[in-house]
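Participant:
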Amino acid sequence: MIVLCNVSKTFGATPAVFDFSLKIESGSFFVLVGPSGCGKSTVLRMINAMIVPDKGEIEVHNQNIRTIDPEKLRRGIGYVIQSAGLFPHWTAADNILAVPHLLKWSPSQCAARLDALVALLSIDRALLARYPRQLSGGQQQRIGVARALAADPDIVLMDEPFAALDPVSRAALQDEIAAIHARTAKTIVFVTHDMDEALRLATGLAVMNNGRLIQTGTPAAILLAPADDFVRGFVGGEDLPLRLLDLVPVRKLMKRGNAAVAATIAAGASLKEALNLMLARRSSSLCVVDENGARLGVIHLADIIARRDAL
Amino acid sequence: MPNLHNRVLLTLSCLGFAAIFSCGFLNHAQNRLANGFAYSVFQGPAYEASAAMAGLCGLAIASFVWNEGHRAFATILAAGLILWGSIAGAGHFAAILMQAGPPAARVSLGPAFWILASVSLLAIVDAVQRGNFGLFVRISLGAVLCAGLIGMTAAGDFDHLALVREFSNIRSIFLTELWRHLGLVGAAVIAALIIGVPLTVLVLRKKAAAGFVFASLGIVQTIPSIALFGVLIAPMTRLSEAMPFLRALGINGTGPAPAILALTLYALLPLVRSFHTGLSEVALEVKDAAAAIGFDARQMFIEVELPLALPALLSGLRVVTIQAIGLASVAALIGAGGLGTFIFQGIGQYALDLVLIGAFPIILLALIANFFFETLLGLARRRL
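Protein sequence lines correspond, in order, to chains A and B.
Quick note: the first sequence uses my numbering, first residue 8, plus one each step.
Quick note: the second sequence uses my numbering, first residue 7, plus one each step.
Following this line, the structure appears as structure tokens:
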């Protein structure tokens, strides 16, 4: 668990973060969103003591981080930045094993961990002997994520990690980090200004503006009841109703019965995907099936339009 | 009409021909001070003169050769002919001239010789650089040239040239002065490192100090070298008089101590500047990432900053070393010895060949230092 309590930080004359309090539960995928310069990166960097707050206290695993040696704290927290920040004079494998190297793991431990990470992030083994300049942006960031996970930390901080990548690499890495989170129950704190990315990954969301916390909650709660016009504008504005559909699985609005249509959709797919398929098939209902293709029920357009009760 | 593929070679060839026809090859004087009489290449031994001429023609032809590899080969062959023709020719010609003259007579090398020798060496350098030859080929070529020169010298081919006669006069002290020169350079570079590294750290840590440090070092750099050597005499003398233990250590107003001090002062600005640039140009995001995953300050410096700044550090060290090799020649003026001794003796005695005996090894040392640091740089850059 990470707790920030009335934290403030000023750089020169400009306040970056003001009276900021937040509780991040263990095992959550917590996303900090907000426009550029709103202080979200500052909040992230205060968690691993890269920035020391002027006022307020921060606790990680119930321990005030002021009482922990910063290097020791950081070795226990994974960290990924936008540009990957790999060491140009080390091979990909050496980069991945940077923290185990600092923790003085034995060569056999390192080799075993490297194998596990290569499998976890589906890294091509041929890349391991290369230097960062010989890798594409997507490959570099994959190595960057592996480096953050190398010592198996409970907490991983990610500062706009996929912002500079092409859409294909970005989507692939988003899927992978979501899968890793689901499998390992790590706490991930993720900073982004991309609302779609936030909604895709977050189990918890905090919206920031001008160094202040504006609203925090689950993605659905924030989309359904934005605290003010800023949040409404930032989380979707005109697209808000469509975005909400993204958060609800078909299963929730499914009805028993049979439809006289051929088009089928998985129960776990989102309402947005269902609507998309309806538009494509010019059909107002779809058959809902499970992973094995067995029919479970039917979903109607009218129910999607009247979805509110589903959330 | 064939196409011209290498303008440099044709220019060098023309330069060589112009030198042969317009300048003297050897200068024969009755004694050191007398004005001599200039002899042209054509008055010299026929074999060597023809070889040099053939080499010059070869260079001109090589400049039209299309194939890169063939051209490099032809160039090196032609340049070899010119070099052998001029060097062996000079030795042989000098022997002939000295047979007639009195023992005090001097046969010096004239402009045509120097131009021919430079033309051939430049042609070889050009061929090696264009051909992008590996380290092994470069070293072998250099070794062949040196071995040839040493072999001919040992065989007594040059005994009648004034250069060799002057050298045989100072043979006993040449090595001493060479070592002294190297000692001055080594001591100054080490002292500059001892002072420069903490200064670099200071400049990196305290931005406010950077302006002051660079300004003071910049002022030192603007003082003419002879003036700085001279200026140090008075304070160093007073210092050694005030502190007898310094005098016991051999530290005095003249001699090696002020020379090393002056060379160190000159080395500091380029050293600190290049170290500062090299270390501050290590990418911020790399340092940030290193700190964020738990590198402490010492690990950051040793494992991240130092290896990434290494090429810049080595080029700084190269500049400083080569500069010190050249400047150390002035140290002879304040009694510190070194190869400059021969230069200033030569100037004083109007013996230009003696000047060359001092100047040549200095140039050679600078080239060797350059080659040494280039090789290290190549190794350091290979991984970046």
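Cβ atoms here follow ideal geometry from the backbone N, Cα and C, with glycine treated the same way.
Would you call the region 253 to 260 of chain B and the region 44 to 59 of chain A touching, i.e. three or more CB-CB distances under 8 Å?
Facilitator: The region 253 to 260 of chain B, when compared against the region 44 to 59 of chain A, does not touch it at the 8 Å Cβ threshold.
Participant: Distance cutoff 8 Å, beta carbons only. Does Leu314 (chain B) sit that close to anything in chain A?
Facilitator: Here the question's residue 314 (chain B) lines up with position 308 in the second sequence. Cβ-Cβ to chain A under 8 Å: yes for Leu314 (chain B).
Participant: Between the C-alpha atoms of Leu16 (chain B) and Asp132 (chain B), what's the straight-line distance to the nearest angstrom?
Facilitator: Sequence index remark: in the second sequence, residue 16 (chain B) carries index 10 (1-based). Sequence index remark: in the second sequence, residue 132 (chain B) carries index 126 (1-based). Approximately 12 Å, taken between the alpha carbons.
Participant: Per the contact definition of three or more C-beta pairs closer than 8 Å, is the region 215 to 234 of chain A in contact with the region 21 to 38 of chain A?
Facilitator: Yes, the region 21 to 38 of chain A is in contact with the region 215 to 234 of chain A.
Participant: Is Ile299 (chain B) close to chain A? Criterion is C-beta to C-beta, closer than 8 Å.
Facilitator: For this step, residue 299 (chain B) is matched to residue 293 along the second sequence. With 8 Å as the cut-off, Ile299 (chain B) counts as an interface residue toward chain A.
Participant: Could you tell me whether the Cβ atoms of Leu10 (chain B) and Phe79 (chain B) are closer together than 8 Å?
Facilitator: Position 4 of the second sequence, counted from the first residue, corresponds to residue 10 (chain B). Position 73 of the second sequence, counted from the first residue, corresponds to residue 79 (chain B). Cβ atoms of Leu10 (chain B) and Phe79 (chain B): not closer than 8 Å.
Participant: Can you tell me which residues form a DSSP beta bridge with Gln70 (chain A)?
Facilitator: Residue numbering aside, residue 70 (chain A) sits at position 63 when the first sequence is read from its first letter. According to DSSP, which records beta bridges pairwise, Gln70 (chain A) is partnered with A:Val67.
Participant: Within 10 angstroms of the Cβ of Asp166 (chain A), are there 16 or more other Cβ atoms? Answer buried if so, exposed if not.
Facilitator: Taking the first sequence and counting its residues from 1, the one referred to as residue 166 (chain A) is at position 159. Buried: at least 16 other Cβ atoms inside 10 Å.
Participant: Can you give the beta carbon distance from Ala315 (chain B) to Gly284 (chain B), rounded, assuming they're within the 8 Å contact cut?
Facilitator: Indexing the second sequence from 1 puts residue 315 (chain B) at position 309. Indexing the second sequence from 1 puts residue 284 (chain B) at position 278. Indeed, because the Cβ distance is near 4 Å, the residues count as touching under 8 Å.
Participant: Per DSSP, which residues does His34 (chain B) bridge with? Please list them.
Facilitator: Residue 34 (chain B) sits at position 28 when you count from the first residue of the second sequence. His34 (chain B) pairs with B:Phe43 and B:Val113.
Participant: Where do the ends of the beta strand (DSSP E) carrying Lys16 (chain A) lie?
Facilitator: To locate residue 16 (chain A), count along the first sequence from 1; it is residue 9. That run of the beta strand (DSSP E) goes Ile9 to Phe18.
Participant: Can you name, in chain order, every residue of its own chain whose Cβ lies under 6 Å from the Cβ of Ala25 (chain B), other than the five neighbours on each side?
Facilitator: Residue 25 (chain B) sits at position 19 when you count from the first residue of the second sequence. Same-chain partners within the cutoff: Ala118 and Ile121.
Participant: Would a C-beta distance cut-off of 8 Å place Ile162 (chain A) and Val67 (chain A) closer than the cut-off?
Facilitator: Here the question's residue 162 (chain A) lines up with position 155 in the first sequence. Here the question's residue 67 (chain A) lines up with position 60 in the first sequence. Yes, they are a contact pair.
Participant: Let's see if you can read the secondary structure: which residues bound the alpha helix (DSSP H) around Gly95 (chain B)?
Facilitator: As a position in the second sequence, residue 95 (chain B) is number 89, starting the count at 1. Start and end: Glu74 to Ala106.
Participant: Below 8 Å on the Cβ atoms is my contact criterion, and I expect Val255 (chain A) with Thr271 (chain A) to pass it. Report the Cβ-Cβ distance as a whole number of Å.
Facilitator: Within the first sequence, numbered from 1, the residue matching residue 255 (chain A) stands at position 248. Within the first sequence, numbered from 1, the residue matching residue 271 (chain A) stands at position 264. Their Cβ separation, rounded to whole angstroms, is 18 Å, which puts Val255 (chain A) and Thr271 (chain A) out of contact at 8 Å.
Participant: Taking the straight line between their C-alpha atoms, what separation do you get for Ser280 (chain B) and Leu274 (chain B)?
Facilitator: Against the second sequence, residue 280 (chain B) aligns to sequence position 274. Against the second sequence, residue 274 (chain B) aligns to sequence position 268. If you take the alpha carbons of Ser280 (chain B) and Leu274 (chain B), they lie about 10 Å apart.
Participant: Counting only beta-carbon separations shorter than 8 Å, does Val391 (chain B) have a partner in chain A?
Facilitator: Because chain B in this structure spans residues 7 to 390, residue 391 (chain B) falls outside the shown range and cannot be described.
Participant: List, in chain order, every chain B residue whose beta-carbon is nearer than 8 Å to that of Glu352 (chain A).
Facilitator: In the structure as shown, chain A starts at 8 and stops at 318, and residue 352 (chain A) therefore has no counterpart that could be examined.
Participant: Give the straight-line distance between the Cα atoms of Ala91 (chain A) and Arg73 (chain A), rounded to the nearest whole angstrom.
Facilitator: Working through the first sequence from its first residue, we reach residue 91 (chain A) at position 84. Working through the first sequence from its first residue, we reach residue 73 (chain A) at position 66. The alpha-carbon atoms of Ala91 (chain A) and Arg73 (chain A) are separated by roughly 27 Å.
Participant: Alpha helix (DSSP H) containing Ser176 (chain A): first to last residue?
Facilitator: Taking the first residue of the first sequence as position 1, residue 176 (chain A) is located at position 169. Its alpha helix (DSSP H) spans residues Pro174 to Thr191.
Participant: Compile a chain-ordered list of the residues in the region 214 to 235 of chain B whose CB is closer than 7 Å to at least one CB of chain A.
Facilitator: Answer set for the region 214 to 235 of chain B: empty.
Participant: Using DSSP's beta-bridge definition, name the partner residues of Tyr138 (chain A).
Facilitator: Numbered from its first residue, the first sequence carries residue 138 (chain A) at position 131. In the DSSP output, where bridge partners are listed per residue, Tyr138 (chain A) has none listed.
Participant: Determine, using beta carbons only, whether Ser286 (chain B) and Leu383 (chain B) come nearer to each other than 8 Å.
Facilitator: Counted from its first residue, the second sequence places residue 286 (chain B) at position 280. Counted from its first residue, the second sequence places residue 383 (chain B) at position 377. Cβ distance not < 8 Å, so Ser286 (chain B) and Leu383 (chain B) don't count as in contact.
Participant: Comparing the C-beta of Ala96 (chain B) with each C-beta of chain A, is any distance below 8 Å?
Facilitator: In the second sequence, residue 96 (chain B) corresponds to position 90, counting from 1. Taking Cβ atoms only, chain A never reaches closer than 8 Å to Ala96 (chain B), which makes this a no.
Participant: Entirely within the region 233 to 303 of chain A and at least 4 residues each: give me those alpha helix (DSSP H) ranges in chain order.
Facilitator: The qualifying runs are 236 to 242, 247 to 254 and 278 to 288.
Participant: Could you tell me the distance, in whole angstroms, from the CA atom of His188 (chain A) to the CA atom of Arg288 (chain A)?
Facilitator: Working through the first sequence from its first residue, we reach residue 188 (chain A) at position 181. Working through the first sequence from its first residue, we reach residue 288 (chain A) at position 281. Roughly 35 Å separates the two Cα atoms.
Participant: Thr270 (chain B): buried (16+ other C-beta within 10 angstroms of its C-beta) or exposed?
Facilitator: Numbered from its first residue, the second sequence carries residue 270 (chain B) at position 264. Buried, by the Cβ-count rule.
Participant: If you drop the 5 nearest sequence neighbours on each side, which residues of the same chain put their C-beta closer than 8 Å to that of Glu74 (chain B)?
Facilitator: Taking the first residue of the second sequence as position 1, residue 74 (chain B) is located at position 68. Within the same chain, Glu74 (chain B) has close Cβ partners Arg136 and Gly137.
Participant: In whole angstroms, give me the CA-to-CA distance for Phe197 (chain A) and Ala155 (chain A).
Facilitator: Looking up residue 197 (chain A) in the first sequence gives position 190. Looking up residue 155 (chain A) in the first sequence gives position 148. Computed Cα separation, rounded: 13 Å.
Participant: Expressed to the nearest angstrom, what Euclidean distance is found between the alpha-carbon atoms of Asp302 (chain B) and Lys293 (chain B)?
Facilitator: Start at 1 with the first residue of the second sequence, and residue 302 (chain B) comes out as number 296. Start at 1 with the first residue of the second sequence, and residue 293 (chain B) comes out as number 287. Each residue's Cα considered, the two are about 11 Å apart.
Participant: Go ahead and label Ile417 (chain B) buried or exposed: buried means 16 or more other beta carbons lie within 10 angstroms of its beta carbon, across all protein chains shown.
Facilitator: As displayed, chain B neither begins before 7 nor continues past 390, which places residue 417 (chain B) out of reach and without an answer.
Participant: Applying a beta-carbon distance threshold of less than 8 Å, which residues of chain B neighbour Ile88 (chain A)?
Facilitator: Numbered from its first residue, the first sequence carries residue 88 (chain A) at position 81. Neighbours of Ile88 (chain A) on chain B, chain order: Glu291, Asp294, Ala295 and Ala298.
Participant: Measure the alpha-carbon distance for Ala268 (chain B) versus Ala118 (chain A) and round it to whole angstroms.
Facilitator: Translated into positions along the second sequence, residue 268 (chain B) becomes position 262. Translated into positions along the first sequence, residue 118 (chain A) becomes position 111. Taking the straight line from one Cα to the other gives about 54 Å.
Participant: Skipping 5 residues on each side, what residues in its chain have a beta carbon closer than 8 Å to that of Asn376 (chain B)?
Facilitator: Taking the second sequence and counting its residues from 1, one reaches residue 376 (chain B) at position 370. Hits under 8 Å: Arg324 and Ile328.
Participant: Taking the C-alpha atoms as reference points, what is the distance between Thr98 (chain A) and Ala298 (chain B)?
Facilitator: Looking up residue 98 (chain A) in the first sequence gives position 91. Looking up residue 298 (chain B) in the second sequence gives position 292. About 19 Å.
Participant: Considering Cα atoms alone, identify which of A:Pro22, A:Leu121, A:Pro107 and A:Arg140 is closest to Arg388 (chain B).
Facilitator: One-based indexing of the second sequence puts residue 388 (chain B) at position 382. Considering only alpha carbons, the answer is A:Arg140.
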